[in-house]
Amino acid sequence: MDDKVVKVHPLTRLQRLGLAVLLVLAAFLIGGAIFIWSGIYNIAANRDHLTITTWLITILRDQSITGAAQDVDVPDLSDAGLVALGAQHYLTGCADCHGTPGEPNNPVFTSMLPRPPDLTDAARNYPASELYTIVHNGLKYSGMPAWPAPERSDEVWALIAFIEALNAQGPEFYTDMLAGLSRPALSKPGTMPDGIETCTRCHGDDQSGPIDELVPRLSGQSHDYLKRALEEYRAETRASGFMAPIAHGMSDAEIEDLATYYAALGSPETAEPDGGEEFEEGQNIVLHGIPEADVPACVTCHLGANAQFPRLEGQSAAYLMGQLQVWRHGLRDDTGYGAIMAAIARRLTPQQIEAVSTYLASLPAPQPVAEDEP
Numbered sequence: 000m001d002d003k004v005v006k007v008h009p010l011t012r013l014q015r016l017g018l019a020v021l022l023v024l025a026a027f028l029i030g031g032a033i034f035i036w037s038g039i040y041n042i043a044a045n046r047d048h049l050t051i052t053t054w055l056i057t058i059l060r061d062q063s064i065t066g067a068a069q070d071v072d073v074p075d076l077s078d079a080g081l082v083a084l085g086a087q088h089y090l091t092g093c094a095d096c097h098g099t100p101g102e103p104n105n106p107v108f109t110s111m112l113p114r115p116p117d118l119t120d121a122a123r124n125y126p127a128s129e130l131y132t133i134v135h136n137g138l139k140y141s142g143m144p145a146w147p148a149p150e151r152s153d154e155v156w157a158l159i160a161f162i163e164a165l166n167a168q169g170p171e172f173y174t175d176m177l178a179g180l181s182r183p184a185l186s187k188p189g190t191m192p193d194g195i196e197t198c199t200r201c202h203g204d205d206q207s208g209p210i211d212e213l214v215p216r217l218s219g220q221s222h223d224y225l226k227r228a229l230e231e232y233r234a235e236t237r238a239s240g241f242m243a244p245i246a247h248g249m250s251d252a253e254i255e256d257l258a259t260y261y262a263a264l265g266s267p268e269t270a271e272p273d274g275g276e277e278f279e280e281g282q283n284i285v286l287h288g289i290p291e292a293d294v295p296a297c298v299t300c301h302l303g304a305n306a307q308f309p310r311l312e313g314q315s316a317a318y319l320m321g322q323l324q325v326w327r328h329g330l331r332d333d334t335g336y337g338a339i340m341a342a343i344a345r346r347l348t349p350q351q352i353e354a355v356s357t358y359l360a361s362l363p364a365p366q367p368v369a370e371d372e373p
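Residues 0 to 373, numbered by numbering that gives the first Met the number 0, are exactly what the sequence shown covers, in order.
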């Protein structure tokens, strides 16, 4: 039998290039695996990353933030009340890590890697849409948490408004604002629960209203409603990135004391009704509902008839409209009471929501019933 000669064809230039690339990739994979499993890379927080590692992480972070912020619509952030509300949340939710603007931070947090930055210059590095993306979503492997109630994206803008104002006016602005917002204890000695100043800074007291129109007035609300609301915030069944962290640390006794305190407070006088078509439409819905749309009269539950429902008289129109929009979008329907309001809010048109809110805001704020009254 004749032996056959097998000819081996040489590799083409493209094939040689492909083989070389595969060998290089294999070397990188093997070398990377050895590097990872050896534990030679120091991940201790007291040692900085390699320069190339820091560069790669920074590029990845900023490109991710920019991409996620593309569809974010930035509202008007110039309202002073919105800025003040953001400053108060910064005090309770952000200052522990980021420190007081312009002052040295706690050494515990300066020892973190990455170190929480002083936010005085944050708006210079990121536009409002990107700041919103960072605060709302948080950042992996940085210690920066996401907003505690991710569905309540509406709350995040107060903090962004504050950060932008801080950047524009400097660190002294924060200190001056907190000094101007501090409120003295107005209650009789021994009647004010510990820590109530945290609540009055935003919600007001019997001598002053809430810090912003987006914040509800608690004075004169029923004890039962206030207690239930705080318990729902604590259980995270009622979503709020502002309230959930505060309620989380409250005991049953503290919730009881706080509900008792605010239920006993009177409220400052509210503006007189302006009249007009919008006022009349809102009045009609509040008193009679919209039978053809299966919308019950607001007065049935919300003007003092049921202690489990909030009193809406004297609340700001902006707050009422904001809450109805939250319900319309299904962001507060996790509780039984919330599900009721979500269904009703979806049956209201934007015009009807504005009319109802305007009318309720014009009514006298609720006053507590004196102990000697029936």
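Yeah, the Cβ is synthetic: ideal placement off N, Cα and C, and Gly gets one too.
Item	Value
Given GLU235 as reference, the closest of GLU150, MET176 and ALA252 once Cα atoms are compared	GLU150
Same chain, Cβ closer than 7 Å to ALA344, neighbours up to 5 away in sequence not counted	LEU323, TRP326 and ARG327
Coarse secondary structure for VAL82, derived from DSSP in three states	helix
Bridge partners - ILE289, DSSP secondary structure assignment	VAL294
Between the CA atoms of ASN104 and GLY316 - distance to the nearest angstrom	Position check: residue 316 holds Ala in this sequence, whereas Gly was assumed. Going by the C-alpha atoms only, they are around 39 Å apart.
MET340, DSSP secondary structure in three states	helix
Alpha helix (DSSP H) runs contained entirely in the region 56 to 143, provided each spans 4 or more residues	79 to 88, 94 to 97, 106 to 109, 121 to 124 and 127 to 136
ASP95 versus ALA83, LEU76 and PRO116, residue with shortest Cα-Cα distance	PRO116
Neighbour-count burial assignment, LEU10, 16 or more Cβ in a 10 Å radius	exposed
Test item: CB-CB of GLY85 and ALA160 under 8 Å	yes
SER207 versus GLY101 - alpha carbon distance	30 Å
Buried versus exposed call for ILE58 [16 or more other C-beta atoms within 10 Å across all chains shown]	exposed
ALA258 beta carbon less than 8 Å from that of LEU229	yes
Beta carbon of MET320 nearer than 8 Å to that of SER361	no
Delimiting residues of the alpha helix (DSSP H) encompassing LEU362	First-last for LEU362: undefined, no H or E at that position.
Nearest-angstrom Cα separation, counted from GLY240 out to ARG310	23 Å
Unbroken alpha helix (DSSP H) run spanning ARG327, endpoints	316 to 327
8 Å Cβ cutoff met for PRO209 and TRP156	no
Stretch-stretch touch, CB-based, cutoff 8 Å, three pairs: the region 108 to 127 with the region 25 to 35	no
Collapsed DSSP secondary structure at ALA184 in the structure displayed	Interpretation of ALA184 is limited by its pLDDT of 45, a score under 50 that renders its predicted location unreliable; the figure taken from the coordinates is listed afterwards. Coil, per DSSP.
Pairwise C-alpha distance: ARG200 and LEU49	45 Å
Pair within 8 Å by beta-carbon distance, ALA354 and GLU277	yes
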